[in-house]
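Those protein sequences? They're chains A and B, same order as listed.
Going letter by letter, the first sequence gives residues 1 to 339 in UniProt numbering.
Going letter by letter, the second sequence gives residues 1 to 339 in UniProt numbering.
From the three backbone atoms N, C-alpha and C, an ideal C-beta is built for every residue, glycine too.
There are 2 protein chains.
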Amino acid sequence: MRDTNRAWYFAARPDGEPDADSFELRETERPEPTSGELLVRVNYLSVDPYMRGRMRDTESYAEPWDVGDILKGGIVGEVVESESDQYDTGDLVTGEGTWADYSVVDADDVAPVDPTVADLPAYLGVLGMPGRTAYFGLLDVGEPKPGDTVVVSGAAGAVGSVVGQIAKLNGCRVVGFAGSDEKTEWLTEDLGFDAAINYKTTDDYRTALDEVAPGGVDVYFDNVGGPITDAVFTKLNVDARVAVCGQIAHYNDEDVPMGPRKLPMLIAPRAKVQGLLVGDYATRFGEASERLATWVATGDLSHRETVVDGLENAPDAFLGLFSGDNIGKQVVQVSTPSS
Amino acid sequence: MRDTNRAWYFAARPDGEPDADSFELRETERPEPTSGELLVRVNYLSVDPYMRGRMRDTESYAEPWDVGDILKGGIVGEVVESESDQYDTGDLVTGEGTWADYSVVDADDVAPVDPTVADLPAYLGVLGMPGRTAYFGLLDVGEPKPGDTVVVSGAAGAVGSVVGQIAKLNGCRVVGFAGSDEKTEWLTEDLGFDAAINYKTTDDYRTALDEVAPGGVDVYFDNVGGPITDAVFTKLNVDARVAVCGQIAHYNDEDVPMGPRKLPMLIAPRAKVQGLLVGDYATRFGEASERLATWVATGDLSHRETVVDGLENAPDAFLGLFSGDNIGKQVVQVSTPSS
Numbered sequence: 001m002r003d004t005n006r007a008w009y010f011a012a013r014p015d016g017e018p019d020a021d022s023f024e025l026r027e028t029e030r031p032e033p034t035s036g037e038l039l040v041r042v043n044y045l046s047v048d049p050y051m052r053g054r055m056r057d058t059e060s061y062a063e064p065w066d067v068g069d070i071l072k073g074g075i076v077g078e079v080v081e082s083e084s085d086q087y088d089t090g091d092l093v094t095g096e097g098t099w100a101d102y103s104v105v106d107a108d109d110v111a112p113v114d115p116t117v118a119d120l121p122a123y124l125g126v127l128g129m130p131g132r133t134a135y136f137g138l139l140d141v142g143e144p145k146p147g148d149t150v151v152v153s154g155a156a157g158a159v160g161s162v163v164g165q166i167a168k169l170n171g172c173r174v175v176g177f178a179g180s181d182e183k184t185e186w187l188t189e190d191l192g193f194d195a196a197i198n199y200k201t202t203d204d205y206r207t208a209l210d211e212v213a214p215g216g217v218d219v220y221f222d223n224v225g226g227p228i229t230d231a232v233f234t235k236l237n238v239d240a241r242v243a244v245c246g247q248i249a250h251y252n253d254e255d256v257p258m259g260p261r262k263l264p265m266l267i268a269p270r271a272k273v274q275g276l277l278v279g280d281y282a283t284r285f286g287e288a289s290e291r292l293a294t295w296v297a298t299g300d301l302s303h304r305e306t307v308v309d310g311l312e313n314a315p316d317a318f319l320g321l322f323s324g325d326n327i328g329k330q331v332v333q334v335s336t337p338s339s
Numbered sequence: 001m002r003d004t005n006r007a008w009y010f011a012a013r014p015d016g017e018p019d020a021d022s023f024e025l026r027e028t029e030r031p032e033p034t035s036g037e038l039l040v041r042v043n044y045l046s047v048d049p050y051m052r053g054r055m056r057d058t059e060s061y062a063e064p065w066d067v068g069d070i071l072k073g074g075i076v077g078e079v080v081e082s083e084s085d086q087y088d089t090g091d092l093v094t095g096e097g098t099w100a101d102y103s104v105v106d107a108d109d110v111a112p113v114d115p116t117v118a119d120l121p122a123y124l125g126v127l128g129m130p131g132r133t134a135y136f137g138l139l140d141v142g143e144p145k146p147g148d149t150v151v152v153s154g155a156a157g158a159v160g161s162v163v164g165q166i167a168k169l170n171g172c173r174v175v176g177f178a179g180s181d182e183k184t185e186w187l188t189e190d191l192g193f194d195a196a197i198n199y200k201t202t203d204d205y206r207t208a209l210d211e212v213a214p215g216g217v218d219v220y221f222d223n224v225g226g227p228i229t230d231a232v233f234t235k236l237n238v239d240a241r242v243a244v245c246g247q248i249a250h251y252n253d254e255d256v257p258m259g260p261r262k263l264p265m266l267i268a269p270r271a272k273v274q275g276l277l278v279g280d281y282a283t284r285f286g287e288a289s290e291r292l293a294t295w296v297a298t299g300d301l302s303h304r305e306t307v308v309d310g311l312e313n314a315p316d317a318f319l320g321l322f323s324g325d326n327i328g329k330q331v332v333q334v335s336t337p338s339s
C-alpha cells in the first residue's frame, strides 16, 4: 500500500455564511499518477472568494463542487512522481490541484515555476490567476487612460492590490477601499495608491469620495459590491467604465440582495458596466504572465501574501476571506519546499 | 403690435408624478426672428419621456427647465418669416422649438423636411430623435448579430418599435414587452416581432421569457427598468449586451428606487451594460437619417404616431407617456400644415 494522504472533502452545502461544517479532512491512500500525469507534493494552496460559488448547486462558470468531492484549488508544489516527459521529479509546478498533501495533476494543465523570479506563494497571487485577473480586467474592461481616476474596492486583496498598481503604471490617480488602517497604509505607503478609504471606519463613502476623487470616477474596478459600490456609482464620470470582477459582499446571500437601482444612474454618464472572467483571456495568459513577472522583477509591482500554516487550517483560511483577514493573497502552506 | 402667440410655460417643479399644475398656457406677443433666425408656425410638437428629467432641478444631459421658462421640445413646422438665406417662407423644417403656436429657431439648428418621404409627424419619430436613438443604441451599444435573441422593453413606443424592426433587419429573433393587447398585436402582426409580452396581464415575466426566448437573451434594449428589467437580467447569455436607453418606470420616483442588485448577475455571463445618449452620435446623424428614410421608403420600417389634437392638450399628451397611452410616437398637432 502507498503512503497516506490528507485531503479536504466537501461535506455539506452551506446556507448563507459557510462554516467548518462544510469541510471534512480525511486520510486516504496517496493517489497514483497515470500516463501523462504528475504526483505533486503541495507546498502552497490557494483559497479564493470565487470558491464560494462552487459550493452552490447551480451551474456557473466554475464547476460546482458536489458533496463528497475532494476540494480543488490552485497549488504550487514539487513533482515527486512523473509519468510525463514534460517534467522531472524535483520540478516546481503550478496549476489546479486539490486541498491535499499530495495532488495528481495532468502535465498539460500545469506551468513551470521559477523560484528565482519570486517566492512560491507569489505564483498563486500576483503571478497567478489573481494577477492575470487584475491585468485583463483593468486593461481590457476598465480601459484606463493617463489622468483617469480609478477606484478599486477590495483594494488590499490579491486582485485589487495589483489593479491599483497597474493603474498607477498607466498614469492614473488611484483610490482604494479596504477594511483596516493596516491595509490602507499598505496601499498608500507601499503600493503608491494616491488615497485609500477604510470602509469600516468611514460613515459616508460619498463624502469620502468627494474628498479624494473630486473630479469623479472614470474607472471602477469592483471586487466587493454593496454600499461601497452604491456610493461609487453616484460619482461616475461621462464614459466611465466599471469592471465587475467580484461581489464578495453578496456571495453568502441566500436571497437575491436588494439595493439602489443602478441602471438609471448609467444614462447621464453613458457608463459601461461589464462582468469579467479571467478564463476568457486564456489565449493571452502568456502576455500577462510575462509583463507581471517583469514588473515584479523591476520592483514596479509589489506583492504580499498572507500565509496560514498547515493543511488542517485551510478551511479557516478560506472562511477568513469573507471577514477580510488577508492582506494581499491568502495562501495555505501545506509543506516546506525542499530547496 | 404683432399677432399673439399661445405658449406653454413651466409653472412648478413636480414631486413624483407630474400633473397639470406644472404647466401654464399664456398668450403673449408672437416672437420676432432676428438675423439668422426663422419664425416657424408649429404643425407638430414632440413630447418625450426624457423631458421628465428636465423638470428636475439637477444638471444632467438635457438642460433643466427653470420655473417660468417656456417649454422646449422637438417641432415640425413651416417657415413664416425668414431672416436667413438658408430657408424661405413656406419651407418645412424640424428641430428644437417651443411648446407654442409659433417658435423662433436658429436656421443652423434645424433640418429640412421632405413631406414626400413621410408624413410630417414621422420627422419627430422614426425619422427624428427617437429613430436615431434606436439606430445607434441598437447597432452601436447592442451590437446585434444574426441569430441573436433581442428583447426590447417599451417595445411599442417611439424608440422600441424601431429597435425591434432594425433587429429583425439584422436577422435577430425579437421579443417585445408592451402594455396592451393592441400594442402586442401591432408588434407581432405589423412590425414582425417574433413574440410580444403584455406586461400588464402577465404575472411571471421570467416564465414568459422562458417560453418566447428559450435560448436566453443576447441583447436587451431597455426603455423601462423595473420588474421587466429584473426578469430579463436573469436570462442574460454569455457576452450579452444591455443598452440602457430609458428607465421610464423610475422617472417619477422621488427617492432612489430599490430593486434586485444586478452586478452579481453580470459576472457569470460577462454581460455588458451601457447607458446611451443619442447626442453622442451627432457626427453620424446623416448616416442614420439616410438609412432610416430608405427603410421607411422600402417598407422595411413601419411607423405609427399617436396624434393629440391642439396645443392646449400638450400637457395631457406628455403625461400620457407615463401611463402608456401612446402607440408609437406621441405627438401634438398644433396647426394644420398649409399644403
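Any C-beta of chain A under 8 angstroms from that of residue i
| i | result |
| --- | --- |
| Ile267(B) | yes |
| Asp48(B) | no |
| Asp57(B) | no |
| Asp218(B) | no |
| Gln165(B) | no |
| Asp210(B) | no |
| Gln247(B) | yes |
| Asp222(B) | yes |
Nearest candidate by alpha-carbon position, reference residue i, set the options
| i | options | result |
| --- | --- | --- |
| Lys235(B) | Gly275(B), Thr207(B), Pro33(B) and Ala100(B) | Thr207(B) |
| Thr28(A) | Gly320(A), Tyr9(A) and Ser22(A) | Tyr9(A) |
| Asp325(B) | Ser338(B), Thr336(B) and Val307(B) | Val307(B) |
| Ala122(B) | Asp316(B), Ala11(B), Ser323(B) and Trp295(B) | Trp295(B) |
| Val117(A) | Ala107(A), Leu292(A) and Gly310(A) | Leu292(A) |
| Asp15(A) | Pro31(A), Ser335(A), Asp181(A) and Asp255(A) | Asp255(A) |
| Asn5(B) | Thr201(B), Asn170(B), Pro260(B) and Ala100(B) | Ala100(B) |
| Gly299(A) | Gln165(A), Glu59(A), Glu17(A) and Asp210(A) | Gln165(A) |
| Leu191(B) | Arg304(B), Pro115(B) and Gly73(B) | Arg304(B) |
| Leu39(A) | Gly320(A), Gly90(A), Ile70(A) and Ile228(A) | Gly90(A) |
| Met265(B) | Ile248(A), Asp280(A) and Ala268(A) | Ile248(A) |
| Ile267(B) | Gly279(A), Ser338(A) and Glu189(A) | Gly279(A) |
| Glu83(A) | Gly36(A), Val105(A) and Leu92(A) | Gly36(A) |
| Val151(A) | Arg2(A), Phe136(A), Asp239(A) and Asp194(A) | Asp194(A) |
| Tyr220(B) | Thr133(B), Glu185(B), Tyr251(B) and Val174(B) | Val174(B) |
8 angstroms Cβ cutoff, residue i in contact with chain B
| i | result |
| --- | --- |
| Gly225(A) | yes |
| Ser60(A) | yes |
| Val244(A) | yes |
| Thr294(A) | no |
| Asp15(A) | no |
| Thr229(A) | yes |
Buried versus exposed call for residue i [16 or more other C-beta atoms within 10 Å across all chains shown]
| i | result |
| --- | --- |
| Met258(B) | exposed |
| Ala20(A) | exposed |
| Cys213(A) | First, the amino acid is wrong: residue 213(A) is Ala here, not Cys. Buried, since its Cβ has 16 or more Cβ neighbours within 10 Å. |
| Val67(A) | exposed |
| residue 357(B) | Here chain B covers residues 1 to 339 and nothing more, so residue 357(B) does not appear. |
| Asp222(A) | buried |
| Ser46(A) | buried |
| Gly131(A) | buried |
| Glu182(B) | exposed |
| Gly310(A) | exposed |
| Asp203(B) | exposed |
Residues that residue i bridges to, as DSSP identifies them
| i | result |
| --- | --- |
| Phe177(B) | Ile197(B) |
| Leu236(B) | Val217(B) |
| Phe136(A) | Answer is none; Phe136(A) lacks a bridge partner. |
| Ala100(B) | Ala7(B) |
| Arg26(B) | Ala7(B) |
| Ser338(A) | For Ser338(A), which the question treats as bridged, DSSP gives no partner whatsoever. |
| Val151(B) | Val175(B) and Tyr220(B) |
| Pro260(A) | Met258(B) |
| Thr75(B) | The displayed chain sequence assigns Ile, not Thr, to residue 75(B). According to DSSP, which records beta bridges pairwise, Ile75(B) is partnered with Leu45(B) and Gly95(B). |
| Ala243(A) | Phe221(A) and Gln274(A) |
| Gln333(B) | Tyr44(B) and Asp309(B) |
Within-8 angstroms CB hit, residue i to chain E
| i | result |
| --- | --- |
| Asp148(A) | Absent from the structure is chain E; the protein chains it does hold are A and B. |
Check distances from the C-beta atoms of the segment 267-281 of chain A to those of chain B and list, in chain order, the residues that come in under 8 angstroms.
Within the segment 267-281 of chain A, the residues whose Cβ lies closer than 8 angstroms to any Cβ of chain B are, in chain order, Ile267, Ala268, Pro269, Arg270, Ala271, Lys272, Val273, Gln274, Gly275, Leu276, Leu277 and Asp280.
Which residues, in chain order, does the segment 250-265 of chain B contribute to contact with chain A at a C-beta distance below 9 angstroms?
Taking 9 angstroms as the Cβ-Cβ cut-off against chain A, the residues of the segment 250-265 of chain B that qualify are His250, Tyr251, Asp253, Val256, Pro257, Met258, Gly259, Pro260, Arg261, Lys262, Leu263, Pro264 and Met265.
Which residues, in order along the segment 320-334 of chain A, keep a beta-carbon less than 8 angstroms from a beta-carbon of chain B?
Residues passing the 8 angstroms Cβ filter: none.
Taking a cut of 7 angstroms between CB atoms, which residues from the segment 97-108 of chain B lie near chain A?
For the segment 97-108 of chain B, which is checked against every Cβ of chain A, not one residue is closer than 7 angstroms.
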